[in-house]
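Sequential numbering of the sequence shown, starting at 55, is according to the numbering used here.
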Amino acid sequence: MSRSTCGDGLSKIYESNKMNKCPKCGKEINKLINIQEVYVLFDFKLEKKEVVYCNRKEDISDSIAYCCPECRYEITGMEEDAVEFLKEKKQ
Ligand SMILES: [Zn+2]
Numbered sequence: 055m056s057r058s059t060c061g062d063g064l065s066k067i068y069e070s071n072k073m074n075k076c077p078k079c080g081k082e083i084n085k086l087i088n089i090q091e092v093y094v095l096f097d098f099k100l101e102k103k104e105v106v107y108c109n110r111k112e113d114i115s116d117s118i119a120y121c122c123p124e125c126r127y128e129i130t131g132m133e134e135d136a137v138e139f140l141k142e143k144k145q
């Protein structure tokens, strides 16, 4: 008995899983956007009743998101997962 039809169906599913598509917008992705929040902090004080801002600092938040460049959907928060996601495309 031939099962070739079934086999073809499976290989098509396999092929489509190899392509890196955004789960949200469905576009093919060959890169991700790394989004990190940066906070800008100032000392805020009064000097002779005037408001003074000083000591500007930037603080990077711990939250990192690797997102779809098309719709900004977050694919993963882990660099390893982001690398794996991009690797599959080359197969
Ligand atoms: Zn997307």
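Built from N, CA and C at the ideal position, the CB exists for glycine as well.
Counting only beta-carbon distances shorter than 6 Å to the non-hydrogen atoms of ligand 1, the qualifying residues in chain order are C76, K78, C79, K81, C122, E124, C125 and Y127. DSSP, read as helix, strand or coil, puts L140 in helix. N88 sits away from L140, with the two beta carbons spaced by 8 Å or more.
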